[in-house]
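Residue numbers (full-length UniProt numbering): 1 to 247. Structure first, then comments.
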């Protein structure tokens, strides 16, 4: 299991510009409808400037990871259909998501409960589609399960930050706070609140990606914030499972 920024992304496709990222997304297929025992819905994405359809609660939580990974500039649901010839039959497959990265790469993502990966036939089929995507799109393919998506405290913290992401902070405030935090190197959220004049603005400052915080720990006024360093603009906050074993 690796983090996406731990390897060289193989895609050579041009990264969609911010203007392209907000164009209407045409899905390869329409999302499944709500049915008995199945929960579906939409994730309100400020990054994509539209609502993203999800077909399981695991997909919904994955959207939160994509939303708050600075290295992901856009993500699309049911992006494209791929065909696999198997024993004379054509098998079609549509990945759950397509990610466009700030570094210029592209990856296709499948969301699956970890228990599904115990099925050897499924793993074999996913590995074949991974190879097709690599050859046809020069792109990566990986799987995310609840183990990568629902890391302790992550989803709770991201829900909190998403609430504050709607709050606007002026450019003057942002530049001033960045300079202040750069000098301090680290500071608790309550110190940011004092500098910005309110607690909501401090959380918004973090939600907008201007400061880092340990998402594996419960978020509170005493949580320490850090300056964004080490290529943070390309940072990804999740690990991934790759072919052939998806472990």
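Where a beta carbon is used, it is the ideal one built from N, C-alpha and C, also for glycine. Quantities reported herein were computed from a predicted structural model and do not represent experimental measurements.
{"Check": "Beta-carbon gap between residue 221 and residue 198 smaller than 9 Å", "Outcome": "no"}
{"Check": "Straight-line Cα distance separating residue 236 from residue 69", "Outcome": "5 Å"}
{"Check": "Nearest-angstrom beta carbon gap, residue 158 and residue 203 [assumed within contact, 8 Å]", "Outcome": "Contact flag wrong, Cβ pair sits at about 12 Å."}
{"Check": "For residue 66, three-class secondary structure by DSSP", "Outcome": "helix"}
{"Check": "Opening and closing residue of the alpha helix (DSSP H) in which residue 205 lies", "Outcome": "199-207"}
{"Check": "Delimiting residues of the alpha helix (DSSP H) encompassing residue 164", "Outcome": "154-164"}
{"Check": "Helix, strand or coil at residue 142 [DSSP, three-state]", "Outcome": "strand"}
{"Check": "Contact check, residue 106 vs residue 115, beta carbons under 9 Å", "Outcome": "no"}
{"Check": "Counted within 10 angstroms of its Cβ, other Cβ atoms place residue 98 as buried (16 or more) or exposed", "Outcome": "buried"}
{"Check": "Ranges of the beta strand (DSSP E) found wholly within the UniProt domain \"TnsA endonuclease N-terminal\" (72-146), counting only runs of at least 3", "Outcome": "72-77, 82-86, 89-93, 97-101, 106-111 and 140-144"}
{"Check": "Own chain residues within Cβ distance below 7 Å of residue 195, not counting five before or after", "Outcome": "177 and 180"}
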